[in-house]
Amino acid sequence: FGSLLGICLATQIITGLLLATHYTADTTLAFSSVAHTCRNVQYGWLIRNLHANGASFFFICIYLHIGRGFYYGSYLYKETWNTGVILLLTIMATAFVGYVLP
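Letter by letter, the sequence shown follows residues 1 to 102 in the UniProt record's numbering.
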């Protein structure tokens, strides 16, 4: 699941950058910029849906990766496991910030 996580992360970064080119970070224009992206930008609706659903798929892959780590006893390697926990918390914080945006 590690390589699948890499593909999901690359997809999230690419679609996020494409969405950021059309996003306006103003409280009065944020929603209309998202609506503009979905309605007027060529394949903007597809990019937004790929980004939104890709985040959920990314977390599914993360939890499968963690489950595999439990199954194979990877938690016995403390440094590796602690790094994974820190990465998980960082990803959760990043996802929260992304979900707060419209």
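Every residue gets a Cβ at the ideal spot worked out from N, C-alpha and C, and that includes glycine.
Residue span of the alpha helix (DSSP H) that contains T80, given as start and end: K78 to V100
Cα-Cα separation between Y75 and G98, rounded to whole angstroms: 29 Å
Contact check, residue 113 vs I47, beta carbons under 8 Å: Here the chain has residues from 1 to 102 only, and residue 113 is not among them.
Nearest-angstrom Cβ-Cβ length linking F59 and Q12, presumed shorter than 8 Å: At roughly 11 Å, the Cβ-Cβ gap does not stay under 8 Å, so F59 and Q12 are not in contact.
Endpoints, alpha helix (DSSP H) assigned at A30: A30 to R39
Inter-residue spacing [alpha-carbon to alpha-carbon] between G2 and H36: 35 Å
Contact belief for I86 with I62 at Cβ below 8 Å, rounded distance in angstroms: Not really, about 13 Å apart at Cβ, beyond 8 Å.
Exposure label - L19; buried when at least 16 CB within 10 Å: buried
Where A25 falls, given that 16 or more other Cβ within 10 Å makes a residue buried: exposed
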